[in-house]
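Chains S and R are the protein sequences, given in the same order. Counting from 9, one number per residue, gives the positions in the first sequence under our numbering. Counting from 143, one number per residue, gives the positions in the second sequence under our numbering. Have a look at the structure below before the remarks.
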Amino acid sequence: MFAYILRRFVQVIPVFFGSTLLIYFMVFAMPGDPIAALFGDKQPSPQLIAQLEEQYHLNEPFLVQYFYYMAGIFQGNMGVTFSGQSVNDVLARTLPITARLAIMAIAIEFTLAVIVGTISALRKGKIFDNTALVISLIFVAMPIFVFAFLAQYFLAIQLGWFKPTVGGQNDWGDLWLPALVLGISLFATSMRLMRGSVLDTLNQDWVRTAYSKGLSRRRVIPVHVLRNSLIPVITNTATNFGVLLVGATVTEFIFNIPGVGNTLFQATLRHEGPTIVSFVTVFVIIYVLVNLVVDLFYGVLDPRIRYVK
Amino acid sequence: MSSEPMLPTHFVAPVKEAGPVVVDAVRVDAKPANIWSDGWRDLRRRPTFWIALLVVFIVLLMAVWPTLFTQTPPNDNCELANSNGGPAPGHPLGFTFQGCDIWARIVWGARTSLAVGLIATIIGSTLGLIMGALAGFYGGWLDSLLSRIGDIFFAIPYILAAVVVMTVLSQNRNVFTLALAIGGFAWASTARVVRAEVLRVRQADFVMASRALGKSRFGTLAAHVVPNAIAPLLVISTLSLAAAIVAEATLSFLGVGLGSGTMSWGNDISQAQQSLRVAPMALIYPSIVLTVTVLAFILLGELIRDALDPRARARR
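Okay, here's the thing in structure tokens:
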């Protein structure tokens, strides 16, 4: 196990530096003046330009700029937003809210996917299965912002079951509707994976062995089938984490939740380049770390993976 | 070790005598089967395939020939007097809060959505094919290098990457830069699929034969390996097209797509949300069209995948 953890850590290093370098390169090594490009049609004050030039070391060669930037990140300094706030402060305020939303959404997605996917697989070709497949296809096709608006209009505005927007109050209970939207929009792919995975597992020798040694369905399905079918769903949650982050950005804006995604969204609306770069970098770092953690977890779940070179 | 004599424990059926049967008669004039003709025979029988194809065809027609669907000219179809008006002759879906003809905007917006989707997919699939084929076929250090580059691009959610690109390019946003921002970051998953397929095909005897006959490595790759790895590329390209249309709409919604002067489904939806409470239909109609179009492409991709994969055919 230790060798496996070590190998994964070594593999993640080039991805970590490569992806941050790529974003940095896109912004600061393009032809033209990066500050002018970041501000678009806005005219930054001379003080701000001077501050940004110093902050990003724009007088130095590109790689030196990147080095300073990474050094800052490793010292826990993520940069400064457009309005001069430290990104760390903004993150400290917004990240817990986004994390709460993400955890609720993943919990909803996972529970639904496992339950619906398993039932679908066990009743393959029956009404339940076909209905679930059609519904999941619609959710695969529907962009999350469309789904969010429809849910907001029908469930909150028309039926009044939820508050249309969340605002400053964002305890677990207030996030139900956005978390449902986010979770259900992610659920479709996971459910289809779970269904396929359970179907595959049902044909495995060990399931036949379990049945033939006299175990009941009640024991075989949860213990022998489910556990072995979960791996693709868990991996999908990790590779789909990018979709979750984009989805969180959209839902947080639509339901007015003051999270990281909303901050990023507001920055794009106001064309605040430096803030966008800082927060996209934060998202990429989170994404890479989540994938690392899931890969490690994956090694625990399936011992065979640890030994594959 | 026991030395007891073996007792017959099984019933052995007597051999049924039968005359020789012709088992190896081959119809020489029959058309040779391949995955494409098998796949086509399978697809042809599925109604879903024809429905999806019809939707794609209609949307394509809207993009190429919009005046066939609406007489309202683009862009100047907004009259504040029509604000939130219901359906009227020539305007079957009514009007938005700003008094724009919803149907006309949907028809004219198809071009943007499809153009961005197609160009982004061409860019992504070409990049993915080149990177994946080179990595899978040559192996060694080139594989390591290209796969690591792919990992890096894979690590950046492509909509977020496109947000950064479009922010930097705020002065020159057009269909091509938007497609480049989407396709330039979406190729990594295509490359992974192509690489896996090329790795599989590379082992085949005909590849070795081609090399033994003196064809160069690159010639073998281009003439024998790539054509045999095209099926999964076709499938993933259809699915990426759906994803690229969603990406365009999402980026327009995020305010980093094409400006509000361009008509696209994403812009329509994002403008309609400001008046969601009073004029919900302006949001619901483009949403339905967007979802149905994306759904059609996804269905096509999945049906083609199932049709080209004999194992999936057998599983049904």
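Just so it is clear, CB atoms sit at the ideal spot from N, CA and C, and this is done for glycine as well. Remember, it's a predicted structure, so these values are computed and weren't measured experimentally.
Problem set entry | CB-CB length for Ser-27(S) against Ile-298(R), believed under 8 Å | 5 Å
Exercise. Since Arg-188(R) contacts Leu-445(R) with CB under 8 Å, what's their CB separation in whole angstroms?
Worked result: Right, their Cβ atoms sit about 6 Å apart.
For this session: List in chain order: all unbroken beta strand (DSSP E) runs of 3+ residues lying wholly within the segment 399 to 435 of chain R.
Result: none
Exercise. Could you give the distance in angstroms between the alpha-carbon of Ala-346(R) and the alpha-carbon of Thr-268(R)?
Worked result: 24 Å
Problem set entry | Closer than 8 Å to chain R by CB, Met-34(S) | yes
Exercise. What separation, rounded to the nearest whole angstrom, lies between the Cα atoms of Leu-363(R) and Val-335(R)?
Worked result: 16 Å
Exercise. With Ser-237(S) and Val-206(S) assumed to form a contact (beta carbons below 8 Å), what rounded beta-carbon distance in angstroms separates them?
Worked result: 5 Å
Exercise. Does the segment 202 to 212 of chain R touch the segment 252 to 260 of chain R, meaning 3 or more C-beta pairs lie closer than 8 Å?
Worked result: With a cut-off of 8 Å, the segment 202 to 212 of chain R and the segment 252 to 260 of chain R count as touching, because enough Cβ pairs lie within range.
Exercise. Looking at the unbroken alpha helix (DSSP H) that takes in Phe-279(R), where does it start and where does it end?
Worked result: 244 to 280
Exercise. Between the beta-carbon of Ala-373(R) and the beta-carbon of Leu-185(R), is there less than 8 Å?
Worked result: no
For this session: Answer yes or no: the CB of Ser-267(R) versus the heavy atoms of the ligand NAD, is any distance below 7 Å?
Result: By its list of ligands, the structure shown contains no ligand whatsoever, and the ligand NAD lies outside what it can speak to.
Exercise. Hey, how far is the Cα of Glu-68(S) from the Cα of Phe-36(S)?
Worked result: 11 Å
For this session: Compute the Euclidean distance between the alpha carbons of Asn-211(S) and Asn-244(S), then round it to the nearest angstrom.
Result: 22 Å
Exercise. From His-152(R) to Gly-204(S), what distance separates their C-alpha atoms?
Worked result: 41 Å
Exercise. So, using beta-carbon positions, are Ala-333(R) and Gly-403(R) closer together than 8 Å?
Worked result: no
For this session: Please check the pair Ala-328(R) and Gly-259(R), which I expect to be a contact at CB under 8 Å, by giving their CB distance rounded to whole angstroms.
Result: Separation of the CB atoms of Ala-328(R) and Gly-259(R) is rounded to 11 Å, and the pair is thereby denied contact status at 8 Å.
Exercise. What whole-angstrom Cβ distance do Leu-109(S) and Leu-190(S) have, given they're in contact under 8 Å?
Worked result: 7 Å
Exercise. Taking any Cβ of chain R, which residues in the segment 274 to 302 of chain S have a Cβ under 8 Å from it, in chain order?
Worked result: For the segment 274 to 302 of chain S, the set of residues with a beta-carbon nearer than 8 Å to any beta-carbon of chain R comprises Thr-276, Leu-277, His-279, Gly-281, Ile-284, Val-285, Val-288, Phe-291, Val-292, Tyr-295, Val-296, Asn-299, in chain order.
Exercise. Are the beta-carbon atoms of Val-307(R) and Ile-284(S) separated by less than 8 Å?
Worked result: no
Exercise. Taking the alpha-carbon positions, what's the Leu-6(S) to Ile-244(R) distance?
Worked result: Within the shown structure, residues of chain S are numbered from 9 to 317, placing residue 6(S) beyond reach of any answer.
Exercise. Is DSSP giving Thr-380(R) helix, strand or coil here?
Worked result: Three-state DSSP puts Thr-380(R) in a helix.
Exercise. Based on Cα-Cα distance, which residue from Phe-25(S), Ala-256(S), Phe-33(S), Glu-61(S) lies nearest to Leu-185(S)?
Worked result: Ala-256(S)
For this session: Let me know if Gly-307(S) comes out buried or exposed under the rule of 16 or more other beta-carbons within 10 Å of its beta-carbon.
Result: That one is buried.
For this session: Within its chain, find whatever has a CB closer than 6 Å to the CB of Asn-370(R); leave out the 5 residues flanking it on each side and keep chain order.
Result: Once the five neighbours on either side are set aside, the close Cβ partners of Asn-370(R) are Val-343.
Exercise. According to DSSP, is Trp-207(R) helix, strand or coil?
Worked result: coil
Exercise. With a cut-off of 8 Å, does the C-beta of Asp-451(R) fall near any C-beta of chain S?
Worked result: no
Exercise. Touching or not, the segment 282 to 294 of chain R and the segment 345 to 360 of chain R, by the rule of three or more beta carbon pairs under 8 Å?
Worked result: no
For this session: Tell me whether Ala-328(R) sits in a helix, a strand or coil according to DSSP, three-state version.
Result: helix
Problem set entry | Cα-Cα separation, Met-150(S) to Ile-430(R) | When only Cα atoms are considered, Met-150(S) and Ile-430(R) end up about 9 Å apart.
For this session: Would you verify that the beta carbon of Gly-397(R) is, or is not, closer than 8 Å to some beta carbon of chain S?
Result: So yes, Gly-397(R) belongs to the interface.
Problem set entry | Nearest to Val-317(R) (by Cα), restricted to the options Ala-303(R), Thr-380(R), Ile-387(R), Ala-338(R) | Ile-387(R)
Exercise. Mapping DSSP to helix, strand and coil, what is Glu-68(S)?
Worked result: Assignment of Glu-68(S) by DSSP, reduced to helix, strand and coil, places it in the coil class.
For this session: Could you tell me which of Phe-348(R), Met-350(R), Gly-270(R) sits nearest to Ser-331(R), measuring between CA atoms?
Result: Gly-270(R)
Problem set entry | N- and C-terminal bounds of the alpha helix (DSSP H) containing Phe-195(S) | Where Phe-195(S) is concerned, the enclosing alpha helix (DSSP H) starts and stops at 184 to 210.
Exercise. What residues of chain R sit near Pro-22(S), judged by a beta carbon separation below 9 Å?
Worked result: Arg-290, Asp-293, Ile-294
Problem set entry | 6 Å Cβ shell around Arg-472(R) - same chain, five flanking residues per side excluded | Because chain R is modelled from 143 through 458, residue 472(R) falls outside the range shown and cannot be assessed.
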